[in-house]
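First residue of the sequence shown: 126, per the numbering used here; consecutive thereafter. Glycine included, each C-beta is placed from N, C-alpha and C at the ideal position. Predicted, not measured: the structure shown is a model, and the values here were computed from it. Some notes on the structure that comes next.
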Amino acid sequence: MLRALFEHKVRPDFLIGTSVGAVNAAWVAGHPDPDGMTELADIWLSLRRQDVFPLSPLTSARGLLGRSNHFISNASLRSVLEKNIPYERLEEASLPVHIVATDLKSGRAAILASGPAVPALLASCAIPGVFPPVAIGRREFVDGGVANHTPITVAIEMGAEKIYVLPVGYPWLNREPTNALGMALHALARIVEQKLDAEVEANRNVADIQVLPALDLADVSPADFSHTKELIDWGYRSARRQLESSNGRAQSAIPEKAKRPLRLDPSPVRAA
């Protein structure tokens with residue numbers, strides 16, 4: 126989808142991402158050009174399940190027996206992020222990037238716009254029960270999808286008049302989960318699925334919101350990395366078709382009057 130947008134001269138003024146979308150947004154913020162999208166695809170094509178979801182009998186047993194609040198370590202995911210994110214702090218990115226996480230105590234969405242990039246991304250991806258919560262300052266955070274997976278209202282508050290939503294789709298919801306990881310991902314997907322349509326419709330009259338086609342291939346588990354190329358190709362082709370049919374050649378995602386350096390809150394976290 127990102128490749129198709131860049132080919133159609135759509136250039137973001139800022140990015141907002143949640144969960145795995147935060148990882149992609151962070152990369153784009155560091156490489157906002159077509160070549161960067163090719164590199165991003167190559168990174169995903171190189172990954173296998175154990176690079177993101179490394180199952181360990183000991184860690185899993187501790188989690189299932191109540192001796193830990195998670196059953197998969199985030200150490201492997203941290204290594205992937207440290208290797209590939211091209212800056213150390215969010216404010217060092219070429220484009221402003223805003224990462225959505227959920228404050229574990231309050232349950233509210235928090236927008237991470239400055240500070241170390243890797244902890245913010247780990248927090249946004251911390252699927253409850255699967256990965257451990259991530260401490261930032263004196264607060265603990267989990268997956269942003271719990272509170273606000275598609276933060277359209279945040280983008281509008283920042284002045285966006287044209288917003289592109291890149292949904293991942295949830296075709297595996299047609300299949301009953303068969304293990305603990307599948308159950309956790311299934312539950313989170315249900316939360317996200319119910320929120321997206323409502324948030325888009327609630328803001329249709331406030332901003333021009335284009336939702337690119339969600340994945341509708343046969344059910345592929347999000348923990349199955351063997352279909353990455355097929356999924357990337359499908360996303361590119363479907364997004365390109367929609368952009369061509371709608372003449373989606375926007376030059377900017379926000380109006381000229383709003384093009385100014387974003388004044389980030391001195392605190393690295395603000396509630397949404």
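Look up residue i in the DSSP assignment and say whether it is helix, strand or coil.
i	result
Lys354	helix
Glu265	strand
Asp138	coil
Leu172	coil
Arg233	coil
Ala430	The structure shown does not extend to residue 430, since the chain spans only 126 to 397, so no value can be given for it.
Met162	helix
Leu220	coil
Ser102	Nothing can be reported for residue 102, as the shown portion of the chain is limited to 126 through 397.
Leu247	helix
Phe131	helix
Val325	helix
Ala150	helix
Tyr339	Here residue 339 is Ala; the residue named in the question, Tyr, does not match the sequence. Here Ala339 sits in coil by DSSP.
Val177	helix
Ser370	helix
Thr275	coil
Just list the residues that DSSP pairs residue i with in beta bridges.
i	result
Ile334	Ile288
Phe256	Pro253
Ala226	Ala235, Asp268
Thr143	Val225
Pro241	Arg214
Would you say residue i and residue j are within 7 Å of each other, going by their C-beta atoms?
i	j	result
Ala364	Leu321	no
Glu292	Ala248	Contrary to the premise, residue 292 reads as Pro rather than Glu in this sequence. For Pro292 and Ala248, no; Cβs fall outside 7 Å.
Gly155	Ala235	no
Arg136	Phe350	no
Asp333	Lys287	yes
Leu246	Leu220	no
Val148	Ile197	no
Leu356	His133	no
Ile277	Asn328	yes
In chain order, what residues of the same chain have a beta carbon less than 7 Å from the beta carbon of residue i, not counting five sequence neighbours either side?
i	result
Met162	Leu127, Arg128, Phe131
Which residues in the same chain have their Cβ closer than 8 Å to the Cβ of residue i, if we skip the five residues on either side of it in sequence?
i	result
Gly115	There is no way to answer for residue 115, as the model of the chain reaches only from 126 to 397.
Ser371	Gln335
Thr275	Thr143, Val290, Pro292, Val317, Lys320, Leu321, Glu324, Val325
Val331	Ile281
Lys354	Leu170
Leu172	Val205, Phe350, Thr353
Tyr361	Met126, Arg128, Ala129
Excluding the 5 residues preceding and the 5 following residue i in the sequence, name in chain order all residues of the same chain whose CB lies nearer than 6 Å to its CB.
i	result
Trp152	Leu165
Val177	Leu202
Ala150	Leu140, Gly142, Val222
Val345	His352
Pro159	Phe131
Pro179	Ser201
Pro157	Ser219, Leu220
Val259	Pro244, Leu247, Ala248, Ala251, Phe266
Inset, instruction - Specify whether the region 236-253 and the region 209-219 touch according to this definition: at least 3 beta carbon pairs, one from each stretch, less than 8 Å apart. - result: Short answer: they touch.
Inset, instruction - Indicate whether the contact test is met: 3 or more Cβ pairs, each with one atom in the region 262-281 and one in the region 140-153, closer than 8 Å. - result: Because the criterion of three Cβ pairs below 8 Å is met, the region 262-281 and the region 140-153 touch.
Legend entry - contact_flag[the region 153-173, the region 257-264] where n(CB pairs < 8 Å) is 3 or more: By the Cβ criterion, the region 153-173 is not in contact with the region 257-264, since fewer than three pairs of Cβ atoms, one from each stretch, lie closer than 8 Å.
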